[in-house]
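This report refers to the structure that appears directly beneath it.
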Ligand code: GDP
Ligand code: MN
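In the numbering used here, the protein residues as written are 92 to 670.
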């Protein structure tokens, strides 16, 4: 019998004979018959492969969350924080605290659908490819029996408001009820999704902690996982994600990096839109009432969270955030008592190890964000006037510039880089490339992705203007030239005035339009060294442009669209002509 045939039989059997069982696996909750046929097939296929002891079809209800929370408290995975209402701490196995890029793959038949033509001898940094059948075989072996003794949760979720025209639906199968709780917070989990889905396409998400019972590995902190065998793999053409061995957010909440960025960038390619790693904020002019929406893409540690939560230091704008993940850990410290560290040990100010892991985070519903935009659940979305790229660039790069055109903006996005201290494998500081702030999240060949961006520019379309900002330029003593934080509103104000068509506030330079001297509101700031903040040192830009060219040649090669080379060439010539 073919595998396809077995799969079909299984679904058939359920219809004809069994009501609360799928094959011999009991269904603890939910009505299997109610699921659309193609979802039934998906569940049946992986139930057979992963051999859970039971199946639980989630409905996203309050009661369900309470039941699961209660179970996790009983087991010891969650501990209630007494000071707050409905707030819990969860300590992971200390070996499972990050995304694992080295174990992340995208599988297609054609290598160059997924990764660009990298220069020979150079290690590509824009995604890892594996051939589909090879990856399938690996997944097949790894996932066989991986849920033994555990419950398989079936989670229907919507990225975007349920039923909205821009929303996308996924179904995640997981053996982690912790993952279920987080998916409820970060996406919309609801019974209604089945009827909205009908016969339409959904993204298939499969996740396991990779710890079947009886467990082979010592479970630490009631957090089963299998760090040695982690894989996070994507089959974009099947809209399938398979993740093994980790409960960490970016590896296990498959709606996030895997679906909303990697798979969605492929869906966006196929359907003609952009799926990007950006925050969206709305700025309302308090005099005119006019609201402008801005999207920003910065590499990590460049101020996304601070920008989204900006407290303006000049009057004139009311700010609200439409979308952004909030990441941070909060601690209250009592001098006498100390606190409990992320490892569950007592911690005092003089302890030699850090209290919190730098990758700790909290997961809270967006609706609880104090400045969430009332339109954040609007099915129609919001119109974006400006896209802002940025980076942590201590020297050479001005506070803000506007790109000459959409194409030129795409070139600037492709060359985004940032000073990084985050990666443990790099000693000291290093300027790292993170094109479009999408480096770890590309779902297909980066050169083709650039072409897709360029293709957005079509007659009759009004595209956002593209800007680049740098809050981090320092003087010769290493002191920040710009106060940053709440004062960044002054830069956003200039950007908005440019979007409204004010031609009097910009001057042309080799890299783009710079603010005309005095055109950024500096009221009440004290001394700002404008000339240094906006200077373009010729040698710096010669080196920087050469380095960007080298990066594109090494990493993207013949996949770089010609117009990107043209803009780079033009920039080189203009810099050459500088005094
Ligand atoms: P994210 O990782 O991109 O969300 O960045 P965060 O908003 O968490 O900020 C990263 C680091 O940059 C933190 O240490 C912030 O204090 C710092 N930072 C954020 N915005 C600014 C700014 O405008 N100026 C300066 N000098 N530092 C900033
Ligand atoms: Mn952040």
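Glycine included, C-beta positions come from ideal geometry on N, C-alpha and C.
Original post:
If you measure from each residue's Cβ to the nearest non-hydrogen atom of ligand 1, which ones come out under 6 Å, in chain order?
Top reply: 389, 391, 392, 393, 394, 395, 396, 397, 562, 563, 571, 575, 576, 579
Subject >> Cβ pair residue 261, residue 230 closer than 9 Å >> reply: no
Original post:
Applying the criterion that 16 or more other CB atoms from any shown protein chain within 10 Å of the CB defines a buried residue, is residue 290 buried or exposed?
Top reply: exposed
Original post:
So the alpha helix (DSSP H) residue 411 belongs to, where does it begin and stop?
Top reply: Segment 408 to 414 is the beta strand (DSSP E) holding residue 411; no alpha helix (DSSP H) there.
Original post:
Any idea what DSSP makes of residue 481, helix, strand or coil?
Top reply: strand
Original post:
In the segment 253 to 300, which residue ranges form an unbroken beta strand (DSSP E) of at least 3 residues, counting only runs that do not cross its ends?
Top reply: 259 to 265, 294 to 299
Subject >> Candidates 278, 606, 549, 602: closest to residue 596 by CA position >> reply: Here the closest residue by C-alpha is 606.
Original post:
If you drop the 5 nearest sequence neighbours on each side, which residues of the same chain put their C-beta closer than 7 Å to that of residue 658?
Top reply: Taken in chain order, the residues that qualify are 498, 499, 502.
Original post:
Which residues mark the beginning and the end of the alpha helix (DSSP H) in which residue 355 is found?
Top reply: Looking at the DSSP string, the run of the alpha helix (DSSP H) that includes residue 355 is 355 to 362.
**OP:** Kindly confirm or deny that the segment 456 to 471 and the segment 611 to 622 touch, where touching means at least three C-beta pairs closer than 8 Å.
**Re:** no
Original post:
Do residue 147 and residue 242 have their C-beta atoms closer together than 9 Å?
Top reply: yes
Original post:
Is it buried or exposed for residue 525, if we count other Cβ within 10 angstroms and need 16 for buried?
Top reply: It counts as buried.
**OP:** Pull up the DSSP beta-bridge partners for residue 127, would you.
**Re:** Answer is none; residue 127 lacks a bridge partner.
**OP:** My understanding is that residue 448 touches residue 270, with C-beta atoms under 8 Å, so please give their C-beta distance in whole angstroms.
**Re:** With 8 Å as the limit, residue 448 and residue 270 do not qualify as a contact, their Cβ atoms being about 19 Å apart.
**OP:** Kindly indicate the opening and closing residues of the alpha helix (DSSP H) around residue 339.
**Re:** Note, residue 339: premise wrong, no alpha helix (DSSP H); not H, not E.
Original post:
When DSSP builds the beta bridges, which residues end up paired with residue 120?
Top reply: According to the DSSP secondary-structure assignment, residue 120 is paired through a beta bridge with 147.
Original post:
Around the C-beta of residue 164, are 16 or more other C-beta atoms found within 10 angstroms, so that it is buried, or is it exposed?
Top reply: exposed
Subject >> Where residue 495 falls: helix, strand or coil (DSSP) >> reply: coil
**OP:** Kindly give me the distance between the Cβ atoms of residue 278 and residue 340, rounded to whole angstroms, as I take these residues to be in contact under 8 Å.
**Re:** Actually they do not touch by this definition, with Cβ atoms about 12 Å apart.
Original post:
In terms of residues, what are the limits of the beta strand (DSSP E) holding residue 221?
Top reply: 220 to 222
Subject >> Residue range of the unbroken alpha helix (DSSP H) whose run includes residue 326 >> reply: Where residue 326 is concerned, there is no enclosing alpha helix (DSSP H), although the beta strand (DSSP E) it sits in stretches over 322 to 326.
**OP:** Please list the segments of the alpha helix (DSSP H) lying wholly inside the segment 188 to 258, counting only runs of 4 or more residues, in order along the chain.
**Re:** 202 to 205, 223 to 234, all fully within the segment 188 to 258.
Original post:
With a CB to CB cut of under 7 Å and the five nearest residues on each side skipped, what residues in its chain are close to residue 111?
Top reply: 117, 118
**OP:** Mark residue 190 as exposed unless 16 or more other C-beta atoms lie within 10 angstroms of its C-beta, in which case mark it buried.
**Re:** buried
Original post:
Does DSSP put residue 660 in a helix, in a strand, or in coil?
Top reply: It is helical.
Subject >> Among 481, 372, 623, nearest to residue 413 - alpha-carbon criterion >> reply: 372
**OP:** From the DSSP output, in three-state form, read off residue 156 for me.
**Re:** helix
Subject >> Of the listed residues 202, 209, 198, nearest to residue 227 (C-alpha basis) >> reply: 198
**OP:** Note down the Cα distance separating residue 222 from residue 326, rounded to an integer number of angstroms.
**Re:** Spanning the alpha carbons of residue 222 and residue 326 requires a straight line of approximately 10 Å.
Subject >> Best match in 398, 563, 315 for proximity to residue 69 [C-alpha to C-alpha] >> reply: Since the displayed the chain opens at 92 and closes at 670, residue 69 lies outside it and no answer follows.
Original post:
By Cβ distance below 6 Å, which residues in the same chain neighbour residue 632 in space, the five residues on each side in sequence not counted?
Top reply: 666
Original post:
Beta carbon of residue 509, beta carbon of residue 523: below 9 Å?
Top reply: yes
**OP:** Alpha carbon to alpha carbon, how far is residue 392 from residue 520? Give it in angstroms, no decimals.
**Re:** Computed Cα separation, rounded: 13 Å.
**OP:** Answer yes if the segment 474 to 493 comes into contact with the segment 554 to 564, meaning at least three C-beta pairs across the two stretches below 8 Å, and no otherwise.
**Re:** yes
Subject >> Alpha-carbon spacing of residue 202 relative to residue 401, whole angstroms >> reply: 42 Å
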